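Novice:
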Amino acid sequence: MQVWPGKAYPLGATYDGAGVNFALFSEVATRVELCLIDDELNETRIDLPEVDGFVWHGYLPGIQPGQRYGYRVHGPYEPANGHRCNPAKLLLDPYAKAIDGQISSDESLFSYYFDGRDELNTLDSLPHTMYSVVINPFFDWGQDRLPQHEYHESVIYEAHVKGLTQLHPDIPEDIRGTYAGIAHPATIEHLTSLGITALELMPVHQFVQDSALQDKGLTNYWGYNTIGFLAPHNAYAAYGSRGEQVLEFKSMVKALHAADIEVILDVVYNHTAEGNHMGPTLAFKGIDNASYYRLVPGQENHYYDTTGTGNSLLMRHPHVLQLVMDSLRYWITEMHVDGFRFDLAATLARQFHEVDRLSAFFDLVQQDPVVSQAKLIAEPWDVGEGGYQVGNFPPLWTEWNGKYRDTVRDYWRGESHTLGEFASRLTGSSDLYEHSGRKPIASINFITAHDGFTLRDLVSYNEKHNEANLENNQDGESHNRSWNCGVEGPTDDPEINALRARQQRNFLTTLLLSQGVPMLAHGDEMGRTQHGNNNVYCQDNELSWVHWDLDEEQQSLLKFTQRLIRVRRSNAVFQRRRFFAGSADHGGESPIGDIAWLSPAGEHMTEEDWSQGDGQAVMVFLNGQAIPEPDKRGERIEGDSFLICLNAHAEDMTFTLPDETYGSSWRIEINTAGGVVEPEVLEPDSTIEVMNRSMVVLRCRKDEPSPPTGGFSATDEED
């Protein structure tokens, strides 16, 4: 077989129509063998002939897309010094753009024997590992255009590729749970009718089924166990894993873009699937362990772990940074994705030990002309010391606002002394973001996500019920800030079920009418339950999948959510790009009258009102004609004004509407209490009854329409 010198760039396997250039970084290697694997697992080994700047490379003419390959890296096996080269292990290419197969729990994947851990394991891992695949990079994108929704216009929908579509009755069985299933018109119709602007997919980078779960008969469902940062996960492909997964993923993105929906990927660059010193050798460990991973100083046979998974990538090494940046650019330029949510992003900021928001990674993102223009969302914490960094990421970034989640949950379950902070969260969390020059859009607001209770379970369970995970219910978060409304789990009590339905509507209304960027978890708009399991990471079954056979209550919740999103997206007052001019502590007056905080009696809130421990009711006036920034065309925005009456008390309350300076007339737009909303006009200074644990949203139209058309409640039919 002919082998030409090839080039050191780009890294990975690059097909040019006539052959393939292979390039692999390893500073520690003394020899690198490229291994071509056929369908019968026969192996052809070829020494890469050239090395430049620690990049080993060669060009093989005649190699075609679909070719499976791997590497065997020769070099020191000195765990005490951080080196773990072992040519008995077939290694994945860190730059592989497709990966075939899945690992087993076979002993050959490890560099030690199970019954003799001090002896080097020389068993060949080829029959039990995964294989890199050469892909054809060409794809007809046609007229594909990125939707480019601005942050303040965005409504994000977090979903799992398999979980969203696996049970959908209108999707053909052979493509359920796949990229093709996401691209199916039935899925897209649900997303567009709901009104979301961005689909945030849980990990789709190639991940590993870890042996500990396999031994229990469970699987890694969530996928936070990445091994291939440029390869779409092969199990989510309906049509094959020899490169077909790349074409299928691109087709999915193209279909979503045609429906004006952005694609955001949940990416896991903080660690890999190789685990700690007891984990398997699949790629990075055997290629150049000390360059890719953070090792404990003075104990280089151990890994410094701030992720809780066994290892952390060494984010100050230039080739690690290059891998991450090359991966991000690849998904943007070649796969056409629109943004990323970075799992445990605080680890990416650990250039040395401490979290440093000015670390090399953030410098690279800031100056990169491609990556800096994508949507960048941080999960602003990790499990290491000083890892909770909500509000501390650089101005280019947005963040999952964990304080929003906690405060809103506390407010609606009736915790004392929450009203002041709840007001901050409702209006964009200026206390967290304004000091660094960021705007309300820095806050990705959420109440539930993949990790934790679903919305329905949040109002149905006080305790987690994770027995199915086979960890004695020790896994998952124990402090969920949830409230079961009086009974743990399912009940036939109509009053409790009515309260639970009302609480779900309260959460959804709060979320979708808050300043910032709302994120829904898939199925919450339909009352999805996991029966109290708040950690379904290993439950690839009907417990975690979205069910589409909706009862009457679930159908009503879906229509309610659709209406809420329409109200948000059609009214600029809920999509502000700047903070309100009112004081941060909510006690002062807004100089431009863009917001007012009123007591249920219709009077301006005083410092005493805010400080009352049992204060759980407030009225918020949002002035639709005092929005300080222009729209896209440079025109001044004017719109309807809104009055939001919130009552988290256990008793009904009477609210007195403010005088005519706030609005000449009001009508009910949303009432989370349910029942029929009468199309009556409410005059200034009149009163309205707000049911216990509910909220009422009133609208004052700028052009005072006559007659009013009525509002929307939980029992109304779709307009």
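Following the working numbering, the numbering of the sequence shown begins with 8 at its first residue and continues without gaps. C-beta atoms are modelled at their ideal positions from N, C-alpha and C, and glycine is treated no differently. This structure is a prediction, so every number in the text was calculated from the model and none was measured.
So does Leu320 have its beta carbon nearer than 7 Å to some heavy atom of the ligand MN?
Specialist: The model on display carries no ligand, and the ligand MN is accordingly not part of it.
Novice: For Asn578, which residues in the same chain have their Cβ closer than 8 Å to its Cβ, ignoring the five residues on either side in sequence?
Specialist: Gly631, Gly646, Asp647 and Phe649
Novice: Span of the alpha helix (DSSP H) holding His7?
Specialist: The question about residue 7 has no answer, for the chain in this structure spans 8 to 726.
Novice: Taking the beta strand (DSSP E) that Arg38 falls in, what are its first and last residues?
Specialist: Arg38 to Ile44 is the span of the beta strand (DSSP E), which, as asked, contains Arg38.
Novice: Which residues does DSSP list as the beta-bridge partners of Lys172?
Specialist: What sits at residue 172 in the sequence shown is Thr, not Lys. None, per the DSSP bridge assignment.
Novice: Give, in chain order, every unbroken run of the beta strand (DSSP E) that is at least 3 residues long and sits entirely within the segment 433-467.
Specialist: 450-452
Novice: Is Asn504 near Met702, with beta carbons less than 8 Å apart?
Specialist: no
Novice: What did DSSP end up calling Ala591 once you bin it into helix, strand or coil?
Specialist: With a pLDDT of only 48 at Ala591, under 50, the local geometry of the prediction cannot be trusted, and the value read off the model is given with reservation. Residue state, collapsed to three classes: coil.
Novice: Tell me where the alpha helix (DSSP H) around Leu328 begins and ends.
Specialist: Counting along the chain, the alpha helix (DSSP H) containing Leu328 begins and ends at Pro325 to Thr340.
Novice: Classify Gln6 as helix, strand or coil using the three-state DSSP reduction.
Specialist: No answer is possible for residue 6: it lies beyond the span of the chain, which begins at 8 and ends at 726.
Novice: Near Asn88, which residues of its chain fall below 6 Å by C-beta distance, leaving aside the five closest residues on each side in sequence?
Specialist: Glu307
Novice: Would you call Gly523 buried or exposed, if buried means 16 or more other Cβ atoms sit within 10 Å of its Cβ?
Specialist: buried
Novice: Considering only residues of the segment 350-413, which uninterrupted alpha helix (DSSP H) runs meet the minimum length of 4 residues and lie entirely inside it, listed in chain order?
Specialist: 352-355 and 367-374
Novice: Where does Gly19 fall in DSSP's three states?
Specialist: strand
Novice: State the Cα-Cα distance for the pair Thr455 and Val10, rounded to the nearest angstrom.
Specialist: 54 Å
Novice: In whole angstroms, what is the alpha-carbon distance linking Lys96 and His472?
Specialist: 40 Å
Novice: Do you know whose CA, among Tyr78, Ser118, Arg416 and Val58, lies nearest Glu85's CA?
Specialist: Ser118
Novice: So, do the segment 188-200 and the segment 263-279 have three or more beta carbon pairs nearer to each other than 8 Å?
Specialist: yes
Novice: Just mark Pro17 as buried or exposed, buried being the case when its beta carbon has 16 or more other beta carbons within 10 Å.
Specialist: exposed
Novice: Just to confirm my understanding: we take Ala591, look at its own chain, exclude 5 residues before and 5 after, and list those with CB closer than 7 Å. What are they?
Specialist: Confidence at Ala591 is low in this model, with a pLDDT of 48, below 50, so its placement is unreliable and the value that follows should be read with caution. Once the five neighbours on either side are set aside, the close Cβ partners of Ala591 are Ser437 and Asp438.
Novice: Compute the Euclidean distance between the alpha carbons of Arg700 and Gln511, then round it to the nearest angstrom.
Specialist: 11 Å
Novice: One question on the structure: do Ser366 and Gln373 come within less than 8 Å of each other, judged by their Cβ atoms?
Specialist: Contact: no.
Novice: Would you mind giving the Cβ-Cβ distance between Tyr228 and Val543, rounded to the nearest angstrom? I have them listed as a contact below 8 Å.
Specialist: 7 Å
Novice: Report the three-state DSSP secondary structure of Val270 (helix, strand or coil).
Specialist: Looking at Val270 - three-state DSSP - the assignment turns out to be strand.
Novice: Could you name the residues of the same chain whose beta carbon sits closer than 6 Å to that of Glu549, not counting the 5 residues immediately before and after it, in chain order?
Specialist: Correct list: empty, nothing qualifies.
Novice: Quick one: give me the first and last residue of the beta strand (DSSP E) that Arg79 is part of.
Specialist: Arg75 to His81
Novice: By DSSP, does Trp419 sit in helix, in strand, or in coil?
Specialist: helix
Novice: Closest to Pro691 by CA distance: which of Ala608, His278, Ser161 and Pro287 is it?
Specialist: For Pro691, the nearest C-alpha among the options comes from Ala608.
Novice: Look at the Cβ atom of Arg183, then the Cβ atom of Thr172, and state whether they are nearer than 8 Å.
Specialist: yes
Novice: Taking 7 Å as the limit between beta carbons, can you name the residues of its chain near His326, skipping five residues before and five after?
Specialist: Closer than 7 Å at the Cβ level, and outside the excluded window around His326, lie Phe32 and Ser298.
Novice: Can you grab the Cα-Cα spacing for the pair Cys707 / Ile189, in whole Å?
Specialist: 39 Å
Novice: Determine the direct distance from the alpha carbon of Glu502 to that of Thr204, and round the result to whole angstroms.
Specialist: One C-alpha to the other measures close to 36 Å.
Novice: With a threshold of 16 other CB atoms inside 10 Å of the CB of Arg124, please say whether the residue is buried or exposed.
Specialist: exposed
Novice: Is Asn128 buried or exposed, if buried means 16 or more other CB atoms sit within 10 Å of its CB?
Specialist: buried
Novice: Could you give the residue range of the alpha helix (DSSP H) that holds Met209?
Specialist: That residue, Met209, is in no alpha helix (DSSP H); it is neither H nor E in DSSP.
Novice: For Asn241, count neighbouring Cβ atoms within 10 angstroms of its own Cβ and tell me buried if that reaches 16, exposed if not.
Specialist: Here Asn241 is buried. Its C-beta has 16 or more other C-beta atoms within 10 Å.
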